[in-house]
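What follows is one structure encoded as structure tokens, with my remarks underneath.
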Amino acid sequence: MPAVIYVFTLCAFAIGFTEFISIGLTSTLAENLHASVAQVGLAVTFYAAGVVIGAPVLTALASSWSRKRLLLVAMLAFTAGNVLAALSTHLPLLLSARLLSGLAHGVFFAVASSVATRLVAPERAGAALSLVFGGVTVAMALGVPVGTWLGSVLPWQWIFALISTCGLVGVLGVACWMPAGAGDLASSGPGWRQLPVLFDRRLLAGASLPLLAYTGSFALYTFVTPLLLQGNRSINPTFETAP
């Protein structure tokens with residue numbers, strides 16, 4: 001398996017982890033940024049909005065770019081977004097950082113999944129794709145519990161700094177190990193000409209089911225930590241969170 005596939009796995013893990021980390025840190029972020037839990041929940045909303053825009057729209061607009069250049073830009077934007085999150089001292093800055101990270105998320109997975117299958121023989125395309133998405137699967141399983149635990153033992157800014165370090169390693173890995181021209185597509189004209197297909201009624205109808213499913217699950221996961229903490233306080237009035 002080409003080394004760049006494992007780089008994609010690391011990138012996918014970092015991206016998946018930052019997607020879910022704000023869920024585990026909801027209560028901590030609300031306290032430190034002097035905002036309500038509902039307001040901090042917008043960090044998940046802004047990230048999701050970035051993914052929705054990044055995957056179909058930005059990828060289409062940049063269709064004339066080489067796949068390597070597009071992945072490098074996406075990972076640089078992802079790294080910058082997490083650095084900005086680590087430096088956030090108020091909620092609007094954090095929301096901007098989350099939007100930038102979400103845009104990079106959408107572009108990365110739209111491109112990396114396609115490139116990975118073209119870097120290997122056809123019979124190994126499934127294995128390559130599973131390695132790429134294995135990174136985000138692990139992040140999904142660990143994101144909320146590990147994020148909550150890390151938020152209790154580390155300053156939350158350090159967590160975003162660690163994620164940005166993974167993003168920087170991913171940038172270097174793509175730059176060094178991804179072959180030039182890998183996965184490049186034949187030019188199909190300006191990318192904006194492909195945008196009308198996003199409004200096809202059949203496409204929108206097919207996308208509506210996963211949209212509703214993800215909306216419901218994220219609405220629950222976003223506030224699971226505050227709900228559990230509130231439940232503990234109602235059962236045991238003397239319950240206090242760790243400083």
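All residue numbers for the sequence shown refer to full-length UniProt numbering, where the first residue is 1 and numbers rise by one. Positions of the beta carbon are idealized from the N, C-alpha and C atoms, including for glycine.
Open item on the list: What does the alpha-carbon distance come out to for the pair S152 and G181?
Closed with: What you label residue 152 is simply residue 152 of the sequence shown in a count that begins at 1. What you label residue 181 is simply residue 181 of the sequence shown in a count that begins at 1. Approximately 45 Å, taken between the alpha carbons.
Self-check item: Rounded straight-line distance, which links the Cα of R202 to that of S208
Solution: To locate residue 208, count along the sequence shown from 1; it is residue 208. To locate residue 202, count along the sequence shown from 1; it is residue 202. Distance between the alpha carbons of S208 and R202 is about 10 Å.
For H34, count neighbouring C-beta atoms within 10 Å of its own C-beta (all shown protein chains included) and say buried if the count is 16 or more, exposed if not. Taking the first residue of the sequence shown as 1, we reach residue 34 at position 34. Flag for H34 reads exposed.
**Item:** Short CB-CB distance (under 8 Å) between V120 and chain B
**Value:** Among the chains of the structure shown, chain B does not appear; only one protein chain is present.
| Taking Cβ positions, are V146 and F8 nearer each other than 8 Å? | Residue numbering aside, residue 146 sits at position 146 when the sequence shown is read from its first letter. Residue numbering aside, residue 8 sits at position 8 when the sequence shown is read from its first letter. Contact: no.
Item to check | Helix, strand or coil at F239 [DSSP, three-state] | outcome: As a first step, residue 239 must be located in the sequence shown, where it is residue number 239. Because the pLDDT of F239 is 45, which lies under 50, any placement of that residue in the model is unreliable, and the number read from its coordinates should be weighed accordingly. DSSP places F239 in coil when its eight states are reduced to three.
- Query: Does the separation of the CB atoms of G143 and F46 fall below 8 Å?
  - Reply: For the purposes of this step, residue 143 is identified with residue 143 of the sequence shown, where counting begins at 1. For the purposes of this step, residue 46 is identified with residue 46 of the sequence shown, where counting begins at 1. Cβ distance not < 8 Å, so G143 and F46 don't count as in contact.
* Asked: Helix, strand or coil for T117 per DSSP?
  -> Taking the first residue of the sequence shown as position 1, residue 117 is located at position 117. Helix at T117.
Subject >> Contact set for residue 272: own chain, Cβ-Cβ below 8 Å, skip 5 residues either direction >> reply: No information on residue 272 is available, as it lies outside the stretch 1 to 243 that the chain covers here.
DSSP three-state call for L94: helix, strand or coil? Locating residue 94 in the sequence shown gives position 94, where the first residue counts as 1. L94: helix per DSSP, three-state reduction.
*Is DSSP giving W65 helix, strand or coil here?*
Start at 1 with the first residue of the sequence shown, and residue 65 comes out as number 65. Coil, per DSSP.
- Query: Could you give the residue range of the alpha helix (DSSP H) that holds residue 297?
  - Reply: Residue numbering for the chain in the displayed model covers 1 to 243; residue 297 lies beyond these limits and cannot be assessed.
(request) Return helix, strand or coil for G181, following the three-state DSSP convention. (result) Position 181 of the sequence shown holds residue 181. If DSSP states are grouped into helix, strand and coil, G181 belongs with coil.
Neighbourhood of L76 by C-beta distance below 7 Å, restricted to the same chain and skipping five residues each side: On the sequence shown, position 76 is the one that residue 76 refers to. Result list for L76: V171, in chain order.
> Is the Cβ-Cβ distance between L93 and L84 less than 8 Å?
Replying inline: Against the sequence shown, residue 93 aligns to sequence position 93. Against the sequence shown, residue 84 aligns to sequence position 84. Against a cut-off of 8 Å, the Cβ pair of L84 and L93 comes out as a contact.
Inset, instruction - Report the option in L162, F160, R98 and F108 whose CA atom is closest to the CA atom of V136. - result: On the sequence shown, position 136 is the one that residue 136 refers to. Comparing Cα-Cα distances from V136 to each of L162, F160, R98 and F108, the minimum goes to F108.
Given a threshold of 16 other Cβ atoms within 10 Å of its Cβ, counted over all protein chains shown, does T222 qualify as buried or as exposed? By 1-based counting over the sequence shown, the position of residue 222 is 222. Per the 10 Å Cβ criterion, buried.
Selected residue, minimal CA-CA separation from A3, among T117, L212, L154 and V174 = Residue 3 sits at position 3 when you count from the first residue of the sequence shown. Answer by Cα proximity: V174.
### Query
When you compare each of K68, V44, C176 and L212 to S96 by their alpha carbons, which one comes out closest?
The count along the sequence shown starts at 1 and reaches residue 96 at position 96. If we check each option's Cα against that of S96, V44 comes out closest.
Continuous alpha helix (DSSP H) stretch holding T45: start and end
Start at 1 with the first residue of the sequence shown, and residue 45 comes out as number 45. Per DSSP, T45 belongs to the alpha helix (DSSP H) from L42 to I53.
State yes or no: is the C-beta of F20 within less than 8 Å of the C-beta of A112? Translated into the one-based positions of the sequence shown, residue 20 becomes position 20. Translated into the one-based positions of the sequence shown, residue 112 becomes position 112. No. Outside cutoff.
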